[in-house]
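Residue numbers for the sequence shown follow the numbering used here, so the first one is 18 and each next one is one higher. For every residue, glycine included, the Cβ atom is placed at its ideal position computed from N, Cα and C. Report on the structure given below.
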Amino acid sequence: MQAGASPRGMEFAAKWAELVFIAADGIEGNLAVRTELRERARLAGRNPDELRVCAAIQPIAGSTNIDAASQRASLLAHIDEASAVRSLARLMHADPASIRLQDPAVDFLADHRDATGSEGFEDMLAAVCRREGLTVRDLALRQSFDQLTPSPTGSGADIADELCEWQDAGAADGFVVTPAILPGSLADFVEYVVPELRRRGRLPEAEASPTAPTLRSRLSSKFRPLGEAQAFEPQLTD
Numbered sequence: 018m019q020a021g022a023s024p025r026g027m028e029f030a031a032k033w034a035e036l037v038f039i040a041a042d043g044i045e046g047n048l049a050v051r052t053e054l055r056e057r058a059r060l061a062g063r064n065p066d067e068l069r070v071c072a073a074i075q076p077i078a079g080s081t082n083i084d085a086a087s088q089r090a091s092l093l094a095h096i097d098e099a100s101a102v103r104s105l106a107r108l109m110h111a112d113p114a115s116i117r118l119q120d121p122a123v124d125f126l127a128d129h130r131d132a133t134g135s136e137g138f139e140d141m142l143a144a145v146c147r148r149e150g151l152t153v154r155d156l157a158l159r160q161s162f163d164q165l166t167p168s169p170t171g172s173g174a175d176i177a178d179e180l181c182e183w184q185d186a187g188a189a190d191g192f193v194v195t196p197a198i199l200p201g202s203l204a205d206f207v208e209y210v211v212p213e214l215r216r217r218g219r220l221p222e223a224e225a226s227p228t229a230p231t232l233r234s235r236l237s238s239k240f241r242p243l244g245e246a247q248a249f250e251p252q253l254t255d
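Rendered as structure tokens:
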């Protein structure tokens, strides 16, 4: 498994990885990274279908859209701004006392470029901040909440529809589901989203004795064809 979308990381993944974990700016950003990874794999002499790409998401699932939106608002309201700013300062190797919260976040990120050591991650932060017009204060709060990764929010049916849209568009083979809170967010995902994915034929029913005994064999196209329950097995293994 390889994580990251820097040119160096993608070159390594194209030659050696079976699974790549990426965090990009929405469906378009993930599609661009996955397309490049598959082309790099082809140029390296590999079958691109041997390389699975999983996108980072932080879903907020509820029994209804209103319930999910309420959960999201409550989580954001509980973030302490001063703590969020200190966390951002540590991440970007900045002096908390010198941070001007009303400045454009893209300028702050440019001033502290390469602080994290992850080129792809910083590219994603900058893309989201530029598209949404975020201030440094906004960046600190969002970084504490979801690291600016996509955060589909809604009923199980709506989130399932969004994930299917990503996969059908070629933006991801699967997803790495990160929780806003533990264990509640994952429990909500299993309760509300998993049944909808199974109803759509995107996730197989749980097997009492899985035919693929290892994580590699469950993910690899060498053992399991892409057309067989391809969309979401990577993030929901037993």
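Exercise for review: Output the residue ranges of the alpha helix (DSSP H) runs that lie fully inside the stretch 121 to 159 and measure 4 residues or longer, sorted by chain position.
Suggested key: 122 to 128, 136 to 149
Check your understanding: Hey, would you say L126 sits closer than 9 Å to L156, going by beta carbons?
Key -> yes
**Study point:** Contacts around T52, its chain only, beta-carbon distance under 6 Å, and the 5 residues preceding and following it disregarded
**Key:** none
Exercise for review: List the whole-angstrom C-beta distance separating E213 from G173, where the pair is believed to meet the contact cut-off of C-beta under 8 Å.
Suggested key: 5 Å
Point to revise | Residues of its chain near F206, where Cβ-Cβ distance is below 7 Å and the 5 sequence neighbours each way are ignored | key: P76, A78, V194
Point to revise | First through last residue of the beta strand (DSSP E) which encompasses E36 | key: Checking the sequence shown, residue 36 turns out to be Leu, not Glu. That run of the beta strand (DSSP E) goes 36 to 39.
**Study point:** Per DSSP, the bridge partner or partners of S172
**Key:** G79
Practice item. Taking only the alpha-carbon atoms, compute the straight-line gap between V153 and S161 and give it to the nearest angstrom. Key: 12 Å
Check your understanding: Buried or exposed: where does L54 fall if 16 or more other Cβ atoms within 10 Å of its Cβ makes it buried?
Key -> buried
Check your understanding: From A188, L92, A99, pick the residue whose C-alpha is nearest to that of I39; which is it?
Key -> A188
Exercise for review: Determine the DSSP secondary structure at G218, reduced to helix, strand or coil.
Suggested key: coil
Check your understanding: For Q119, does the count of other Cβ atoms within 10 angstroms reach 16, so buried, or fall short, so exposed?
Key -> exposed
Check your understanding: Three-state secondary structure (DSSP) at R69?
Key -> strand
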